[in-house]
């Protein structure tokens, strides 16, 4: 069906040319909101009618007449109808829908993916300072970021995953002081415990390993403890390495990897922050007032000018961000996506203003941002707010331990990033259709079970013309949407679209499963249905892989498990 749609699009362009009109640059078919209206819709007649000074319905009629003469339409379209003010609805032939089964089986793991396009993209995500375990917000970032990277790769991009963090700021100083206090025997609640200290049990673990002189190794650093209470710099370096190692373990458990780690401190030691500030001064985009240096960010759409260097000589937090993104640009990343919490919203305008003002050739709108909102964790009907290990919040590892990696990854990308999300631990544990990840994975497992019962290879030359049942045709239409779903999800930074699509495919399959028998006496019909099941399994597997979720080959629903036990 992918080929059929491409041929039909070419036929539509030819029909426009026949009418002496130029087809829209982004010509595409749409899906009618109601299945009864047809399989594909064309709205271009309404869009072009005004410029052509024609009545939309009249133009639609002329288009239909031109289309009916096209060979692709004669081959793949059952009927063409004009609806409303100028919609053209197409009903595809069964042959067009059946074609997708062969296309999916030929494409295999690569179905839905595009060839390399020669473009590079950097996606920066998680970027947690090493001051404690990763929390559920970092988990949402990790799930979003990794899925977006996978989507870009599916569209032919070369993707770099980058983790940016500060290893030398005020928070790191607090981490070192907290660990040193533990080394000296203090603990939360004691009179001499620092007011701003981190209170989680992990601080005691760091102190114990530091006293023992252990060596810790993270993906980007390694350090051996001196064991001395007075070695504050050593304590700082050890604590950072320890927590980076812990973060690495969390991310490995979550199935997330990074290609590069970038230290905020390097922007200062390499002189990049100072060089960036000088660029802005030289460009005449700054002014001094009240002993501070300001950026004229209102020149670039910000609601007010912003302080860059405070009166005490320190830089505000967006200045190193500007330096960092100039560095990204200089490394050749003309497309960059940052995944951050919604609390970073105010940073966007000033960072982009700084990049424009620096005059280094960076275009407007660079970089792209995906901002996500908070995650609330519910367990036993109650909100869970703290973790003994972290002291003040639920950790990503808690969530994985309570449920599973698959559940956490699927749940955390199952809503748009800019909506708040309630993670229901009890729902994530249910082996029922209520649980969305189980519902999708169970469809895959059901298919595996039927194919195992079939007990032979799916025929390569299956007679797909036999697939004419309504649920079969509906399932094939849904499978054919997969490449377009990936293209749109990558363009919109919207992995939730893939989660929605998976649920739709699973629903179409479960309906098919309920309506038809597969292991029928007619060997040709059984072979055709096995081919459709194999194609459905392939699409489910490909889509789940993009979200970092497994595709189990066997599962039981709660009611089935209970029946087995009885």
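In my numbering, the protein residues as written are 192 to 757.
Glycine residues also receive a C-beta, built at the ideal position from the N, C-alpha and C atoms.
Item: Check whether residue 587 and residue 330 have beta carbons under 7 Å apart; Value: yes
Item: Inter-residue Cα distance where the pair is residue 277 and residue 229; Value: 15 Å
Item: Cβ-Cβ distance between residue 468 and residue 511 below 7 Å; Value: no
Item: C-alpha gap between residue 267 and residue 290, whole angstroms; Value: 10 Å
Item: Length of the line joining the Cα atoms of residue 625 and residue 736; Value: 22 Å
Item: Inter-stretch contact (C-beta, 8 Å, three-pair minimum) for the region 321-329 and the region 278-288; Value: no
Item: Proximal residues to residue 345 (C-beta, below 8 Å), its chain only, five neighbours per side dropped; Value: 303, 304, 305, 677, 681 and 737
Item: Residue 636 versus residue 722 - alpha carbon distance; Value: 16 Å
Item: C-alpha gap between residue 598 and residue 604, whole angstroms; Value: 10 Å
Item: Segment contact, 8 Å Cβ cut-off, at least three pairs: the region 347-354 with the region 609-626; Value: no
Item: The region 551-562 in contact with the region 704-712 per 3-pair CB rule at 8 Å; Value: no
Item: Reference residue 519; option with closest CA among 449, 225 and 315; Value: 315
Item: Between the CA atoms of residue 675 and residue 688 - distance to the nearest angstrom; Value: 11 Å
Item: Own chain partners of residue 454 with C-beta closer than 6 Å, once the 5 adjacent residues on each side are dropped; Value: 358
Item: DSSP bridge partner residues for residue 478 (one or two, in chain order); Value: 485
Item: Those residues which DSSP pairs with residue 452 across a bridge; Value: 354
Item: Nearest-angstrom Cα separation, counted from residue 199 out to residue 240; Value: 21 Å
Item: Within 7 Å, strictly: CB atoms of residue 506 and residue 497; Value: no
Item: DSSP three-state assignment for residue 311, whether helix, strand or coil; Value: strand
Item: Straight-line gap, residue 214 to residue 238 (C-alpha atoms, nearest Å); Value: 10 Å
Item: Local conformation of residue 739 per DSSP, three classes; Value: coil
Item: Closest by C-alpha distance to residue 565, when choosing among 535, 379 and 554; Value: 535
Item: Same chain only: Cβ atoms within 6 Å of residue 333, ignoring 5 sequence neighbours per side; Value: 317, 445 and 447
Item: Identity of the residue in 279, 272 and 582 nearest residue 378 by Cα; Value: 582
Item: Proximity to residue 714 [Cα-Cα], best of 475, 388 and 649; Value: 649
Item: Euclidean distance between Cα positions of residue 757 and residue 747; Value: Here the model assigns residue 757 a pLDDT of 49, short of 50, so the residue's position is not dependable and the matter cannot be decided.
Item: Alpha helix (DSSP H) runs wholly inside the region 578-658, at least 4 long, in chain order; Value: 587-593, 596-603, 616-619 and 627-645
Item: Backbone CA spacing between residue 646 and residue 744 [nearest angstrom]; Value: 15 Å
Item: Backbone secondary structure at residue 684 - three-state DSSP; Value: coil
Item: Whole runs of the beta strand (DSSP E) within the region 222-262, excluding any shorter than 3 residues; Value: 231-233
Item: CB of residue 665 within 7 Å of CB of residue 699, strictly; Value: yes
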